[in-house]
Structure formats: structure tokens, C-alpha cells
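Here's the structure we're looking at; comments come further down.
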Ligand code: GLU
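Residue numbers (the numbering used here): 486 to 1005.
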């Protein structure tokens, strides 16, 4: 889509303490639109509705956007020529503009308090009317208004909506959408505490910050006719709007904190890569119209277009996100992936944390509660084994713990299909003999394979030997193959684990004997 220059887009979240995943998708689209047209992408915090400390809550937004690579040209923490970018620091600007609207007869003072308004609402509901401000303060005389203002009576400023006018929204995604002003309420623009409402602040700021394109989710579409009227009242040219489809849960409900992870931070903690997240989010509402599913940011900048953004809500499918993440994890060079995995290994207690002051990446890593010390190359081997299977980085803690600690497992795990325990025990015994004959130096997966496979093939199904071997080493239902694990564990530990498995099978399966042992 050829857009007239200059393009300035913005992402305008309300700082709630976390960056919503849907917000990140909106930010991505705004970013793409700006950057593919050599424009600017701006971050503005819309905190006029919140009592909390904006600085703290803002941190999650700054870091989430930076993590995703959506670097903004202007914003609260990076500055810019339209400062400040935090609405609570712009109250004077809104007050001034609201006064101007009153002066021009496009807005009026309203002295109704909450109780009055609630009563009005209840009466309208009882009469089966749509709740709407009944404009009683519009009828106040100039003198009365002056007196009440002089007496410092709490008041708001309301927008005067014209009667029975058709307002057209020409949306870049949804096309022409029309509204009749009779459906609109005389919106409060300035609250009694001096704060603007979203409607006043968003219009004033988008204008003053010279925003050319507003991308936001569909839920804001019904507010747009009010915004169009405000632009008209101020005598300003409105920006172009693109209302994006909502992100939905698989059951089509709106994504919310109650229903699962919505904070970008949670996805970062789980170990999703920014490339995967960006690629996944780009497709939540947009489609290139081809089979191509893998898109880097550069490719998105080339191919993304608002024309291909669809209207229907986009389902947030975690399986698809996992698929993307798995794909991107496979692309990361091993050395780098291992470094990315280290904090997750530390977080799940596989290796000890090293002091942050250590700028030098350590060569040795302590295993907690053990005298064992391992090096980065050893960790790299483990990561290499997992690289193909990992859906997100935090899985590494659970899936590789058996390399670090002795893990408990049920002896039934050792049993291949329904073979008798006795047979499994003999198989493991046989394995032990083979393993003991291999020297420590040649304890490689190739050597192990060479010696063990011919033995395994002697059985009707080689699983009879390979399954208990793998289960003995990993103690898990699913893991990499036994030869790879054995090489990393080394001869001594491999033998120890096979012996432990044999011991487990020596314990009588009779449940009563367990009880006796338990009592002793
Ligand atoms: N502050 C609004 C929000 O949090 C912004 C809506 C808009 O982009 O106009 O969604």
C-alpha cells in the first residue's frame, strides 16, 4: 500500500504492570507500518485512568518491546521532540484544549455527581432506554454555571454530540463503517480530578504528536466516531485508522489474564525466542496470502501490508507458537543456544548461579548439593541433544535433570511392553557386561552402538534391550537415545545407573513385602 509520507505511528498502552501479548501484536503492526515506510514509531503511555506508579509499570512495557526488537524512535525513556510521552505529565495540555471546546460551544460543564448519574441510569434502564446522559447540565444558565464554578463545585467537561448525524469511519482494515450520533453519549472529556478521559487525551496527543496512522484493536472502533467529531471541533485533520482483529482464546473468548498467560514477561520466562514470538504474532491477524509461514522481521518489513489484515478475530493457538519456537530454537547456533539455556539450568537448580559481578562467563559450573563440577562443553553436549526437541527453553530443566542428579523413577518404567521383569533384569545384566569391557576413553556413542546393537538385534524386537537401557539412564518416559546419553554421562555413571536399575528389579513385586519393609 503506498502511503503518503511522513508516516508516524504509535503504540499507546495503559501501563497495567505488564505488557499484554495482544498489545505486543498491536505494537508490531504499528512498528511494521512505520518502518516499512521509513517512518517513526512512537511509544506513549496512556496512564490517565490509573492510580498506580507509572514508572514501575512502564518498565515491563519498555523491556518487552525491546526484547521483541520493536525499538521506538520516541518514547518516555528515550525522549523525542514531542515530550512528555506520559499522559499524566500532560494534564495542562488537555485542560487547555477542553476549555477551548467549552468556549466554542462544543463541550459543556457537568456538575452531576455519581449518585445523580447512577439514579439517571437506573431510571432509564427501568424505562427500557439505553443509558445515556440526559444533558440536564446543558440547560444550565451562564450565570448558574459561573456561580457553581466560583464555588469550586466538582465538575466534569462533557462533549456535545450533535443530534442525528451520520459519521463515517474509513478504516484501513474494515472499510467504511457508519455510526449515527444518536447512538453516542455526551462523553466526559475531562474528569473532576482534572485528568482527561482516554478520548480527549488520545485525540489531542495523536494530533500534537503528528501521528499519521493509528493502529489499535477493534474494541476501540465504536469510540472512533467520537474522535472524528473531536478532530472536527478542533479543526484538525484526523489520522488514518486501522482497527485490528482481537486476539481470542481457542474457545473464541477474549484473551484475559484469568484464562492463561497474557503477559509477555511470562513468555520470556518460559523461554520463547523473540523471533518466534514476532513471527507468530505477525500471523495473528495478517496473512501473506501464500504458503510461506516463516518470516523474519526483515521479511515482514517487506511483505506486511494492512490490506492483508483480516477482520475476524485471531485465535491464539499455543501449539502454533510452540511450533514456531521449536523451529527457531533449531536455527540457533549451538554455542549461543547453550548460553541462552544457562539461566534456565540455573533457575531449575541444575547448575549453581554464578555471581553477576563475574563478567567473565565461567568455565566451570557447580552442580548444587554435589561435589560435581562440569564445564561449558559438557553443558553444550546436553543442549545439543535437546535442541531438536525443545519447545521452549525452560523445558531444559525438566528434560535434562537426569544428567545432573540421580532421579527417582518407578521400576515399571524399565519394562518393555509386557515382557517379564526377570527378562529385563537379564538384559540389563548383559548390558552391564558389555559396558564394563569398554574403556573410559572409547566410551563414545559410536562405540556403544557398535557393541550393543548386534546384541539388541538378537532379540525379536531390539526395544527389549534399548528401552530398559534408555529408561535406566534417563528415568523418563521420553528422552534422547541411550547411546547419546551414555556418552555424556561417561562410563562410571552409566554403569552406576544400570546397576541401580538391576537393583530395582531385584525388589520383590509383591506389594505386601513393601509394606513389611516400610514398617521395619
Ligand atoms: N490506551 C489504549 C489501550 O490501552 C490505547 C487505545 C488506542 O490505541 O487508541 O488500549
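Just so it is clear, CB atoms sit at the ideal spot from N, CA and C, and this is done for glycine as well. Quantities reported herein were computed from a predicted structural model and do not represent experimental measurements.
Backbone CA spacing between residue i and residue j [nearest angstrom]
{"i": "residue 737", "j": "residue 702", "result": "16 Å"}
{"i": "residue 691", "j": "residue 572", "result": "12 Å"}
{"i": "residue 868", "j": "residue 881", "result": "8 Å"}
{"i": "residue 662", "j": "residue 716", "result": "17 Å"}
{"i": "residue 783", "j": "residue 763", "result": "11 Å"}
{"i": "residue 499", "j": "residue 839", "result": "37 Å"}
{"i": "residue 522", "j": "residue 696", "result": "14 Å"}
{"i": "residue 892", "j": "residue 978", "result": "13 Å"}
{"i": "residue 634", "j": "residue 501", "result": "34 Å"}
{"i": "residue 627", "j": "residue 607", "result": "29 Å"}
{"i": "residue 827", "j": "residue 871", "result": "13 Å"}
{"i": "residue 948", "j": "residue 807", "result": "30 Å"}
{"i": "residue 887", "j": "residue 835", "result": "9 Å"}
{"i": "residue 942", "j": "residue 742", "result": "53 Å"}
{"i": "residue 952", "j": "residue 967", "result": "8 Å"}
{"i": "residue 965", "j": "residue 934", "result": "14 Å"}
{"i": "residue 815", "j": "residue 824", "result": "14 Å"}
{"i": "residue 683", "j": "residue 675", "result": "9 Å"}
{"i": "residue 939", "j": "residue 812", "result": "35 Å"}
{"i": "residue 849", "j": "residue 507", "result": "41 Å"}
{"i": "residue 822", "j": "residue 560", "result": "32 Å"}
{"i": "residue 649", "j": "residue 706", "result": "19 Å"}
{"i": "residue 963", "j": "residue 817", "result": "23 Å"}
{"i": "residue 624", "j": "residue 590", "result": "13 Å"}
{"i": "residue 698", "j": "residue 517", "result": "12 Å"}
{"i": "residue 767", "j": "residue 569", "result": "30 Å"}
{"i": "residue 704", "j": "residue 747", "result": "17 Å"}
{"i": "residue 566", "j": "residue 578", "result": "16 Å"}
{"i": "residue 928", "j": "residue 563", "result": "56 Å"}
{"i": "residue 971", "j": "residue 846", "result": "27 Å"}
{"i": "residue 584", "j": "residue 594", "result": "10 Å"}
{"i": "residue 631", "j": "residue 637", "result": "10 Å"}
{"i": "residue 998", "j": "residue 779", "result": "Any reading at residue 998 is ruled out, since the residue's pLDDT is 39, under 50, leaving its predicted position unreliable."}
{"i": "residue 544", "j": "residue 586", "result": "35 Å"}
{"i": "residue 991", "j": "residue 907", "result": "9 Å"}
Candidates the options, of which the one nearest residue i by Cα
{"i": "residue 913", "options": "985, 573 and 856", "result": "985"}
{"i": "residue 617", "options": "670, 793 and 753", "result": "670"}
{"i": "residue 973", "options": "936, 931, 941 and 990", "result": "931"}
{"i": "residue 581", "options": "679, 640 and 888", "result": "679"}
{"i": "residue 677", "options": "700, 628 and 599", "result": "599"}
{"i": "residue 693", "options": "655, 951 and 721", "result": "721"}
{"i": "residue 597", "options": "640, 959 and 650", "result": "640"}
{"i": "residue 727", "options": "800, 776, 496 and 962", "result": "496"}
{"i": "residue 436", "options": "653, 780, 774 and 815", "result": "As shown, the chain starts at 486 and ends at 1005. That puts residue 436 outside it, with no answer to give."}
{"i": "residue 987", "options": "750, 911 and 542", "result": "911"}
{"i": "residue 810", "options": "771, 765 and 849", "result": "765"}
{"i": "residue 492", "options": "564, 524 and 740", "result": "524"}
{"i": "residue 700", "options": "664, 791, 592 and 929", "result": "791"}
{"i": "residue 770", "options": "748, 781, 802 and 746", "result": "802"}
{"i": "residue 898", "options": "989, 740 and 746", "result": "989"}
{"i": "residue 950", "options": "925, 916, 980 and 960", "result": "916"}
{"i": "residue 750", "options": "969, 542, 729 and 957", "result": "542"}
{"i": "residue 604", "options": "504, 975, 592 and 619", "result": "619"}
{"i": "residue 853", "options": "890, 884 and 586", "result": "890"}
{"i": "residue 657", "options": "681, 725 and 666", "result": "725"}
{"i": "residue 865", "options": "565, 819 and 981", "result": "819"}
{"i": "residue 519", "options": "494, 534 and 504", "result": "494"}
{"i": "residue 895", "options": "923, 946 and 956", "result": "956"}
{"i": "residue 961", "options": "937, 846 and 884", "result": "884"}
{"i": "residue 793", "options": "660, 779, 902 and 920", "result": "660"}
{"i": "residue 921", "options": "505, 665, 983 and 729", "result": "983"}
{"i": "residue 976", "options": "944, 936 and 923", "result": "923"}
Strand pairing of residue i, partner residues [DSSP]
{"i": "residue 665", "result": "651"}
{"i": "residue 860", "result": "849"}
{"i": "residue 699", "result": "726"}
{"i": "residue 1018", "result": "The chain is shown from 486 up to 1005; residue 1018 falls before or after that span and cannot be answered."}
{"i": "residue 559", "result": "527"}
CB contact check: residue i to chain D, cutoff 8 Å
{"i": "residue 816", "result": "Of the protein chains in the structure, only one exists, and it is not chain D."}
Residue i: CB within 7 Å of a non-hydrogen atom of ligand 3
{"i": "residue 957", "result": "This structure lacks ligand 3; its bound ligands are ligand 1."}
Assess, as a yes-or-no matter, whether the segment 775-788 is touched by the segment 731-741 under the definition of 3 or more beta carbon pairs within less than 8 Å.
Under the three-pair Cβ rule at 8 Å, the segment 731-741 does not count as touching the segment 775-788.
Pair every Cβ in the segment 510-521 with every Cβ in the segment 544-560, then say whether three or more of these pairs are closer than 8 Å.
yes
Three-pair Cβ contact test at 8 Å for the segment 599-616 versus the segment 637-650
no
If we count Cβ pairs, one from each stretch, closer than 8 Å, do we get three or more for the segment 681-691 versus the segment 706-714?
yes
For the segment 872-888 against the segment 743-756, do three or more pairs of beta-carbon atoms, one drawn from each stretch, fall closer than 8 Å, so that the two count as touching?
By the criterion of at least three beta-carbon pairs nearer than 8 Å, the segment 872-888 is in contact with the segment 743-756.
Tell me the start and end of each unbroken alpha helix (DSSP H) in the segment 915-960 that is at least 4 residues and wholly inside, in chain order.
Qualifying alpha helix (DSSP H) stretches, in chain order: 930-942 and 948-959.
Flag this pair as touching only if the segment 856-868 and the segment 795-807 have three or more C-beta atom pairs under 8 Å; answer yes or no.
no
Whole runs of the alpha helix (DSSP H) within the segment 730-760, excluding any shorter than 4 residues
749-755, all fully within the segment 730-760.
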